[in-house]
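When the count follows the numbering used here, it moves up by one through the sequence shown with no breaks and lands on 1050 for the last residue.
We put the beta carbon where it would ideally sit given N, CA and C, even for glycine.
Following: one structure in structure tokens, then a few remarks.
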Amino acid sequence: MTDDSSRMPAANDPSRVIEQVIEAATPRLVALRRDLHAHPETGFDTHRTAGVVAQGLEALGLSVQSGVGRTGVVAEIEGGAPGPCLILRADMDALPIEERTGLDYASTTPGQMHACGHDIHTSALLGAAEALVRIAPHLAGRVRLVFQPAEETLDSGAAAMIADGVAQGADMAVSFHNQPDLAAGELRLVRGSGTASSDEFSVTVTGKSGHAARPDQAADPIVGAAYMITQLQTIVSRRMRPADPLVLTVGQISGGFTENIIPDTCSFIGTVRCRTAATRDMAEAAFREICGSVARAQGLEAQVSYVRGVPPLVNDGGLLAQAERSFAAQFSAPPHIVPGEDFGSEDFAWFSEILPTLQFHVGSGQPGRDDRLHNSDYQPDERSIPTGATAMARLALDLLAPDRDDRAPSQTEAS
636 MTDDSSRMPA ANDPSRVIEQ VIEAATPRLV ALRRDLHAHP ETGFDTHRTA
686 GVVAQGLEAL GLSVQSGVGR TGVVAEIEGG APGPCLILRA DMDALPIEER
736 TGLDYASTTP GQMHACGHDI HTSALLGAAE ALVRIAPHLA GRVRLVFQPA
786 EETLDSGAAA MIADGVAQGA DMAVSFHNQP DLAAGELRLV RGSGTASSDE
836 FSVTVTGKSG HAARPDQAAD PIVGAAYMIT QLQTIVSRRM RPADPLVLTV
886 GQISGGFTEN IIPDTCSFIG TVRCRTAATR DMAEAAFREI CGSVARAQGL
936 EAQVSYVRGV PPLVNDGGLL AQAERSFAAQ FSAPPHIVPG EDFGSEDFAW
986 FSEILPTLQF HVGSGQPGRD DRLHNSDYQP DERSIPTGAT AMARLALDLL
1036 APDRDDRAPS QTEAS
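What follows is the structure in structure tokens.
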């Protein structure tokens, strides 16, 4: 990824170099994003995308490691002096959604679409890499570029890359997500938990079948399941402090075959979302207790499967404070600072389990549209690409400043 900007004279102000390099690269980054958008790949099957990313990194003169976490791509930018290692991460995978945008560069793969804007993230991180290569002598430390597959799947690409050692030797990690509820050019920082944990449950209630006209001769699992579902909501309304919210949703219930037979079994499945580890532990314990108690009270059996997925993504207070300063200095408007309220999940949270971590938001809303993520007509504003690239590069510059004396903020720092 080189162009005439590589012949610009060196500047004493690296923040200005970031701005110049990304401004010159933006047409290429937009073209790259449209190419990725037209060729979406889901889960770990991001082979073409990974190849495009590797080619772009190699064009910057970087040594590339492919196949990390199955199909992830990693490269490092060495600074001009020793210092900490900062991970900058972008996810690469698309969703199993049929695109309905009608755009000239719409998906050419049936049933797959970049409906969450990961094509925006990938392109922006390549842009940030181009700027950081230019200002590398000003950095004290290393920037580890992490391009991750399988963010949208239960089988997590972040977990796979961490298992392959991508976080070893790293001191902190940063990513961003595009947000259509923000106008293009706007930035947002979230205090505390940026996303929630995502756990899945399935419950099979077993009773005794019988004739619907003689319920006394049967043990009705449908009534038992219905009572369980109602009582499970008391975890939210009566067992949790109002200041520690959680979401418990039953998404499917199945039982019975016809109108005049009480069946042997009834099953339901759903999800629990929490914003703290303590809430998560309490929710699981209460869930199991309620299902068991209701089953025993009604002469039934309950088989409970409760599978923990990604944890909450906790934004480090020190990284957030630095991002606030960096973005206010680089952009014409300061970032929005908001408390954590989202109950969506994001597998970048696996990094926040082991490193001080920050995920910030970049506005991608187009004027006159009311877009939502994971929608078949999602059309993010492509001005979010240079904004995201600039924000990542500037934050990296400040986190790896040679005179910085708190370059590896503590994960326990107040947020």
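**Study point:** Rounded straight-line distance, which links the Cα of Lys843 to that of Leu721
**Key:** In the sequence shown, the residue the question calls residue 721 occupies position 86. In the sequence shown, the residue the question calls residue 843 occupies position 208. Their Cα atoms are separated by approximately 59 Å.
Exercise for review: Following the continuous beta strand (DSSP E) through Phe782, name the residue where it begins and the one where it ends.
Suggested key: Counting from one through the sequence shown, the residue named residue 782 turns up at place 147. Ala775 to Gln783 is the extent of the beta strand (DSSP E) around Phe782.
Point to revise | Residue(s) in a DSSP beta bridge with Ser701 | key: Here residue 701 refers to the residue found at position 66 of the sequence shown. Under DSSP, the beta-bridge partners assigned to Ser701 are Val708.
Check your understanding: Between the C-alpha atoms of Leu863 and Ile755, what's the straight-line distance to the nearest angstrom?
Key -> For the purposes of this step, residue 863 is identified with residue 228 of the sequence shown, where counting begins at 1. For the purposes of this step, residue 755 is identified with residue 120 of the sequence shown, where counting begins at 1. The residue you asked about is not Leu; residue 863 is Met in the sequence shown. So the two alpha carbons sit approximately 43 Å from each other.
Practice item. Flag this pair as yes or no: are the beta carbons of Ala716 and Ala775 separated by less than 7 Å? Key: The residue you call residue 716 lines up with position 81 of the sequence shown. The residue you call residue 775 lines up with position 140 of the sequence shown. Yes. Within cutoff.
Point to revise | Three-state secondary structure assigned by DSSP to Gln933 | key: Position 298 of the sequence shown, counted from the start, is the residue given in the question as residue 933. Coil, per DSSP.
**Study point:** Nonlocal neighbours in the same chain, by C-beta distance under 6 Å from Asn813, ignoring five residues either side
**Key:** To locate residue 813, count along the sequence shown from 1; it is residue 178. Within the same chain, Asn813 has close Cβ partners Gly752, Ile755, Val997, Ser999, Pro1015 and Ser1019.
Practice item. Could you name each continuous alpha helix (DSSP H) segment of 4 residues or more that falls completely within the segment 922-987, going from the start of the chain to the end? Key: 952-965 and 984-987
**Study point:** Span separating the alpha-carbon of Leu761 from that of Glu894
**Key:** One-based indexing of the sequence shown puts residue 761 at position 126. One-based indexing of the sequence shown puts residue 894 at position 259. Each residue's alpha carbon lies about 59 Å from the other.
Review point. Quick one: what does DSSP say Arg642 is sitting in, helix, strand or coil?
Key: Numbered from its first residue, the sequence shown carries residue 642 at position 7. Any reading at Arg642 must be qualified, since the residue scores a pLDDT of 43, below 50, and its modelled position is unreliable; the value itself is stated next. Of the three classes helix, strand and coil, the one that applies to Arg642 here is helix, per DSSP.
Practice item. Please report how far the alpha carbon of Met807 lies from the alpha carbon of Ile989, in whole angstroms. Key: Translated into positions along the sequence shown, residue 807 becomes position 172. Translated into positions along the sequence shown, residue 989 becomes position 354. Their backbone Cα atoms lie some 9 Å apart in a straight line.
Check your understanding: What is the DSSP secondary structure of Met863, reduced to helix, strand or coil?
Key -> In the sequence shown, residue 863 corresponds to position 228, counting from 1. In this structure, Met863 counts as helix in the three-state DSSP scheme.
Point to revise | At least three beta-carbon pairs within less than 8 Å, the segment 855-862 to the segment 949-960 | key: no
Review point. Which whole-angstrom value is the C-beta distance of Val882 and Phe983, which I expect to be below 8 Å?
Key: Indexing the sequence shown from 1 puts residue 882 at position 247. Indexing the sequence shown from 1 puts residue 983 at position 348. At roughly 20 Å, the Cβ-Cβ gap does not stay under 8 Å, so Val882 and Phe983 are not in contact.
Point to revise | CB contact flag (Thr839, Ser928, <7 Å) | key: Your numbering for residue 839 matches position 204 in the sequence shown. Your numbering for residue 928 matches position 293 in the sequence shown. Not closer than 7 Å, so no.
Practice item. Go ahead and label Gly714 buried or exposed: buried means 16 or more other beta carbons lie within 10 angstroms of its beta carbon, across all protein chains shown. Key: As a working mapping, residue 714 is identified with position 79 in the sequence shown. With 16 or more Cβ atoms within 10 Å of its Cβ, Gly714 is classed as buried.
Review point. Secondary structure at Asp670, three-state DSSP: helix, strand or coil?
Key: One-based indexing of the sequence shown puts residue 670 at position 35. Three-state DSSP puts Asp670 in a helix.
Exercise for review: Determine whether the Cβ of Val687 lies closer than 7 Å to any Cβ atom of chain B.
Suggested key: This model lacks chain B altogether; it includes just one protein chain.
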